[in-house]
Amino acid sequence: MIYFSLNHILEQAPYKLDLLGSEFIFQTDLGIHYVVSFNKEDITLGGCATYQLIIRKIEEVRSRHDPKVEATILAIINEFFRSNHDIMLYLCDTSDGREEYRNRLFLSWFDKNTEENRFTICKAHAEVEGQGLFLCIVVDNRNPKLNAITADFAEKATLLTEGKP
1 MIYFSLNHIL
11 EQAPYKLDLL
21 GSEFIFQTDL
31 GIHYVVSFNK
41 EDITLGGCAT
51 YQLIIRKIEE
61 VRSRHDPKVE
71 ATILAIINEF
81 FRSNHDIMLY
91 LCDTSDGREE
101 YRNRLFLSWF
111 DKNTEENRFT
121 ICKAHAEVEG
131 QGLFLCIVVD
141 NRNPKLNAIT
151 ADFAEKATLL
161 TEGKP
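The sequence shown begins at 1 in the numbering used here and counts up one residue at a time.
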């Protein structure tokens with residue numbers, strides 16, 4: 001179970017958030033709604049639980065870059081790591097062929113907005129059923145199982161990228 005302090009998130013997030021069950025919901029200045037959640041995965045890495053970060057835009061509209069969306073999502077992610085030593089898994093949506101763009105954007109958020117040496121990010125890319133699959137894990141460097149987690153991920157990523165079960 002993940003514990004969040006909505007107050008901590010609201011201190012950092014430029015957009016007002018509502019927490020409905022286990023989903024964070026916010027609306028941008030342009031009226032676009034986002035839902036952010038963490039789903040527990042069946043996979044453990046290095047003995048730690050893994051939670052997939054899900055970011056969904058409700059309206060199917062293209063919009064210009066909004067730095068407040070980035071800051072709001074990063075506030076949620078920061079709280080995830082402030083209150084947990086779990087692993088965050090990020091998979092890029094492949095439904096519209098823009099997964100490589102999403103992957104670069106997500107990783108750039110960490111490059112620009114997090115303190116240096118706070119996180120270890122492990123990445124993998126594979127072709128699965130003709131689709132490019134971009135995934136990464138993010139681990140707080142304070143996690144005492146960091147070395148076991150990264151070694152376990154590397155092993156599983158090698159199996160995935162080589163197409164083995």
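Ideal Cβ positions, reconstructed from N, Cα and C, are used throughout, including at glycine.
Checklist line | Local Cβ density within 10 Å of tyrosine 15, reported as buried at 16 or more and exposed below that | finding: As a first step, residue 15 is located in the sequence shown; it is residue number 15 there, counting from the start. Buried, by the Cβ-count rule.
Notebook entry, point to check: Rounded to the nearest angstrom, how far is the Cβ of threonine 72 from that of leucine 6, given a contact under 8 Å?
Noted result: The residue labelled residue 72 in the question sits at position 72 within the sequence shown. The residue labelled residue 6 in the question sits at position 6 within the sequence shown. Not quite, the Cβ-Cβ distance comes to about 13 Å (not below 8 Å), so this is no contact.
Next item on the list: Taking only the alpha-carbon atoms, compute the straight-line gap between glutamate 129 and threonine 120 and give it to the nearest angstrom.
Entry: Looking up residue 129 in the sequence shown gives position 129. Looking up residue 120 in the sequence shown gives position 120. Taking the straight line joining both Cα atoms gives about 29 Å.
Checklist line | Local Cβ density within 10 Å of threonine 44, reported as buried at 16 or more and exposed below that | finding: Here residue 44 refers to the residue found at position 44 of the sequence shown. Exposed.
Note to self: At the level of alpha carbons, what is the spacing between leucine 135 and alanine 124?
What the structure shows: Taking the first residue of the sequence shown as 1, we reach residue 135 at position 135. Taking the first residue of the sequence shown as 1, we reach residue 124 at position 124. Approximately 5 Å between the Cα atoms of the pair.
Check: Which term fits asparagine 39, buried or exposed, when burial requires 16 or more other beta carbons within 10 angstroms of its beta carbon?
Finding: Translated into positions along the sequence shown, residue 39 becomes position 39. Exposed, by the Cβ-count rule.
Margin query: Among Asp111, Thr28 and Val36, whose alpha-carbon lies nearest the alpha-carbon of glycine 21?
Written below: Against the sequence shown, residue 21 aligns to sequence position 21. With distances taken between Cα atoms, glycine 21 lies closest to Val36.
Next item on the list: Below 6 Å CB to CB, which residues in the same chain sit around lysine 59 once its five sequence neighbours on both sides are set aside?
Entry: Here residue 59 refers to the residue found at position 59 when the sequence shown is read from its first residue. It should be pointed out that residue 59 corresponds to glutamate in this sequence rather than to lysine. Answer for glutamate 59: Ile32, listed in chain order.
Check: Do you know whose CA, among Asn117, Arg118, Glu155 and Ala13, lies nearest aspartate 66's CA?
Finding: Counting from one through the sequence shown, the residue named residue 66 turns up at place 66. Nearest option by C-alpha distance: Ala13.
Notebook entry, point to check: Do you know how far the Cα of threonine 150 is from the Cα of lysine 112?
Noted result: As a position in the sequence shown, residue 112 is number 112, starting the count at 1. As a position in the sequence shown, residue 150 is number 150, starting the count at 1. If you take the alpha carbons of lysine 112 and threonine 150, they lie about 22 Å apart.
Notebook entry, point to check: Which whole-angstrom value is the C-beta distance of tryptophan 109 and glutamate 79, which I expect to be below 8 Å?
Noted result: For this step, residue 109 is matched to residue 109 along the sequence shown. For this step, residue 79 is matched to residue 79 along the sequence shown. Not confirmed; about 15 Å, so no contact.
Check: In the DSSP assignment, what are the bridge partners of leucine 17?
Finding: Start at 1 with the first residue of the sequence shown, and residue 17 comes out as number 17. Looking at the DSSP assignment, leucine 17 forms a beta bridge with Phe26.
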